[in-house]
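So the sequences go chain by chain: V and L.
Under the working numbering, the first sequence has 17 at position 15, and the numbering climbs by one with no breaks.
Under the working numbering, the second sequence has 383 at position 253, and the numbering climbs by one with no breaks.
Idealized CB from N, CA, C, for every residue including glycine.
Since the model is a prediction, treat every value here as computed from it, not as a measurement.
Take a look at the structure set out below.
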Amino acid sequence: MPSVKENTIVTTAAAVELRGLRKSYGEVVALANLDLSIEPGELIALLGPSGCGKTTALRTLAGFETTDEGKVLVDGDDITRLPANKRDMGMVFQAYSLFPNMTVLDNVSFGLRIRKANSAERTRRATELLELVGLPEHAARFPHQLSGGQQQRIALARALAIQPRVLLLDEPLSALDALVRVQLRDEIRRVQTELGITTLFVTHDQSEALSIADRVGVMYQGKLEQLAAPAELYSRPATAFVAEFVGTMNRLPGLMNGGTVTVAGRSLPVDGTAPASGSEVDVLVRPEAITLRPAEDGGGLIIATTFLGSVTRVRARLADGIEVSADLPSHQASALTAGTHVTLELDEQPVLVAAPLPR
Amino acid sequence: MAQPVTARLGRGAAWAAFAAYFLVPMGASIYFTLFDRDNHFSATPYTGLFQASGFVPALQMSVEMGVLTVVVLLALLLPAMVTIQLSMPRLRPIVETLCTMPLVIPPIAFVAGIIALQTRLSDADPYGPLSQLVNNQLMQTGLPLLLVFSYVVLALPFAYRALDAGLRLLPLRTLVDAARGLGASWPTVLLRVIMPNLRTAILNAAILTLALVLGEFTLATLLGFTPFPVWIVTSGGDHAQQSTAASIVSLLVTWGGLLILSVFGDRRRTA
Ligand SMILES: Nc1ncnc2c1ncn2[C@@H]1O[C@H](COP(=O)(O)OP(=O)(O)O)[C@@H](O)[C@H]1O
Ligand SMILES: [Mg+2]
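This is how it looks when you write it as structure tokens:
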């Protein structure tokens, strides 16, 4: 594998800032005051449900969409009005973005040709990039002769060939098979780290976002809900939306009591702003924060178990009809077959609460 | 699976009818041009063609108008269609309807409109020498731009369909964005990315347009010009054999043009 020292594809990492971006399509609000800062060399994943504005944010940064309000800054320069072809950003699309009429080599050197690099230089750089993405022997092929994964590698090489200030990827793996998806994900991360290029990676797949990014920005309805490192996002979600979108979350009915909430016979401290005393809330609890114990007189009933290796996910129905998922060490879960009566215990740790869902 | 005999017979019959429909009149025409009443062979109708007055200018005029019509049509239509697909999808049905209009307007109404315009232009002194110049260009007998522009309009429906079919097959938005992101200006995007990937569609549009221009008679004759189809008819009054020979030559010229276009297109595509 070529390293940074051998190749000349090194880019200078840029800082990116999206400031107060707003964009509407008629009635539809795609971006509602989006703020986002990316450190030089950082990979940020934008994660969110379909339609939350991820693509619009990315395309605004690339210059393919104009904003109604707000600014795009790269290294402090305001590029909000700069056309896309002057922005020096490398973009990888979801699929089918290679020029069908050109060979792989011509695709990769397209940007260099635009920049009037001479033919020897173009070939040298393009070859170097094909090596970087592991496909040097495919230079003479046409896009239709490549698999989906190979096409995306070439698209990555093409985007990097122009030594972009920022690398942008819009769901680049979503059209690929599961196995290829994981391989290419790791490959993108390796190349990104090697080149130290500032990168924005858009995805709706949380495992993809959590595994590839330095920080993950969770978007909802055109805004950033939380921007944090993957582990923090999971363990300390800032909002109920983030909590439920990232990982699995149980909702248990609780009653507010000052700064604490009474839930499943326990009083737990509330994370963040606590609703008024006496209000009914849903308490958000991760499966690994729940323990189920067999008990003759237990109010819960096991309804299903799924073996996941070292842990087993156990589903139980509580006395009030609510279903919960708990992740238990598999050796412990072996006693819990469907129909077993159990009691439920919550870990002693601060919890998030949300307005109750209609049941 | 063996095909039922009836199915094969049916298909054979269809082919035979198809072939007869096209080949019998053509064969008869060729025979008519090459043999006289007493069945004596003579190529005179063909050799005579080239000496006949007006043959070469008429043919040249038709070919030049064909090429020019294709160029003007593509230069107008392609950027417009790309722009609409990319950024004004709501205009699409309107443009589609507009481009289809020439099919439903009777040529005679079309000509009447053009003649009215032409009259206005030719006695349009208010516009002075400029209108004179424009008028001269429009009406020059060697290459009347008026006729070329009219053909552009007439060919719109066919060219539009052909290009539209090609555009629908392309992931246009993504390709354009990819090229733009890599630094390409709009003309570069059009020339290097869109046009090469629309080669077949452009070729089809060109073929249909060329065929239309090389065979158009009504408009040309009503406006008083003599491109090849008009010449065939006017020169045929006294020499039936020779004018039939001219039709066959015209057919060959058209086919030759189409063949050149498609060979050219194919070679470039697989190169
Ligand atoms: N060109 C457009 N015209 C109209 N609505 C659009 C357009 N692009 C995006 N939208 C709307 O804006 C919202 C955000 O879209 P998008 O940024 O593509 O979301 P995501 O990428 O997160 O799925 C969606 O509701 C979408 O329907
Ligand atoms: Mg999207």
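- About 5 Å separates the beta carbons of residue 241 (chain V) and residue 227 (chain V), which is inside the 8 Å limit, making them a contact pair.
- Not a single CB atom of chain L sits nearer than 8 Å to the CB of residue 144 (chain V).
- Pairwise C-beta distances place the stretch 292-304 of chain L in contact with the stretch 322-331 of chain L, as three or more of them are shorter than 8 Å.
- Per the coordinates, the alpha-carbon of residue 299 (chain L) lies some 34 Å from the alpha-carbon of residue 380 (chain L).
- The C-alpha of residue 318 (chain V) lies about 14 Å from the C-alpha of residue 290 (chain V).
- Setting aside the 5 residues that flank it on each side, residue 174 (chain V) is surrounded in the same chain by 94, 154, each with a C-beta closer than 6 Å to its C-beta; the list follows chain order.
- According to DSSP, residue 268 (chain V) shares a beta bridge with V:265.
- When the five nearest sequence neighbours on each side are left out, the beta carbons in the same chain lying within less than 6 Å of the beta carbon of residue 351 (chain L) are those of 360, in order along the chain.
- For residue 169 (chain V), the enclosing beta strand (DSSP E) starts and ends at 168-172.
- A residue is called buried when at least 16 other Cβ atoms come within 10 angstroms of its Cβ; residue 247 (chain L) does not meet this threshold and is exposed.
- If you draw a straight line from the Cα of residue 210 (chain V) to the Cα of residue 105 (chain V), it is about 30 Å long.
- Residues of the stretch 323-352 of chain L with a C-beta less than 7 Å from any C-beta of chain V: 323, 326, 327, listed in chain order.
- Within 8 Å of the CB of residue 95 (chain V), the CB atoms of chain L belong to 304, 307, 308, in sequence order along the chain.
- Around residue 117 (chain V), the beta-carbon contacts reaching into chain L at under 8 Å are 313.
- Taking a C-beta distance under 8 Å as the contact criterion, residue 156 (chain V) and residue 92 (chain V) do not qualify as a contact pair.
- In the three-state scheme derived from DSSP, where H, G and I count as helix and E and B as strand, residue 192 (chain V) is classed as helix.
- By the Cβ rule, the stretch 15-35 of chain V counts as touching the stretch 71-80 of chain V, because three or more pairs are nearer than 8 Å.
- Relative to ligand 2, the nearest heavy atom lies less than 7 Å away from the CB of residue 172 (chain V).
- Of the other Cβ atoms in all chains shown, fewer than 16 fall within 10 Å of the Cβ of residue 138 (chain L); this residue is therefore exposed.
- For the options V:128, V:76, V:89, the alpha carbon positioned closest to that of residue 107 (chain V) is the one of V:128.
- Not one heavy atom of ligand 1 falls within 7 Å of the beta-carbon of residue 97 (chain V).
- Residues lining ligand 1 by the Cβ criterion, that is a Cβ closer than 6 Å to any of its heavy atoms, are V:27, V:30, V:32, V:50, V:52, V:53, V:54, V:55, V:56, V:57, V:58 in chain order.
- Looking at the DSSP output, residue 327 (chain V) bridges to V:317.
- Its chain contains 212, 215, 218 as the residues whose beta carbon lies nearer than 7 Å to that of residue 232 (chain V), once the 5 sequence neighbours on both sides are disregarded; these appear in chain order.
- In the three-state DSSP reduction, residue 118 (chain V) falls in the coil class, being neither helix nor strand.
- Non-local beta-carbon contacts of residue 374 (chain L) in its own chain, meaning distances under 6 Å to residues more than five positions away in sequence, involve 159, 162, 163 in chain order.
- Look at residue 347 (chain L) here: in three-state DSSP terms it is coil, with no helix or strand label.
- Within 7 Å of the CB of residue 177 (chain L), no CB atom of chain V is found; the nearest one sits about 46 Å away.
- The three-state secondary structure of residue 294 (chain L), taken from DSSP, is helix.
- Annotation for residue 142 (chain L): the continuous alpha helix (DSSP H) segment containing it runs 135-164.
- Counting C-beta pairs closer than 8 Å gives three or more between the stretch 336-346 of chain V and the stretch 297-305 of chain V, which meets the contact rule.
- The alpha-carbon of residue 262 (chain V) is positioned some 11 Å away from that of residue 285 (chain V).
- Against chain L, the beta carbon of residue 87 (chain V) has neighbours under 9 Å at 309, 310, 311, 312, 313, 314, 315, 316, 318, 319, listed in chain order.
- Identification of chain L residues near residue 98 (chain V) by a Cβ-Cβ cut-off of 7 Å yields 301, 304, ordered along the chain.
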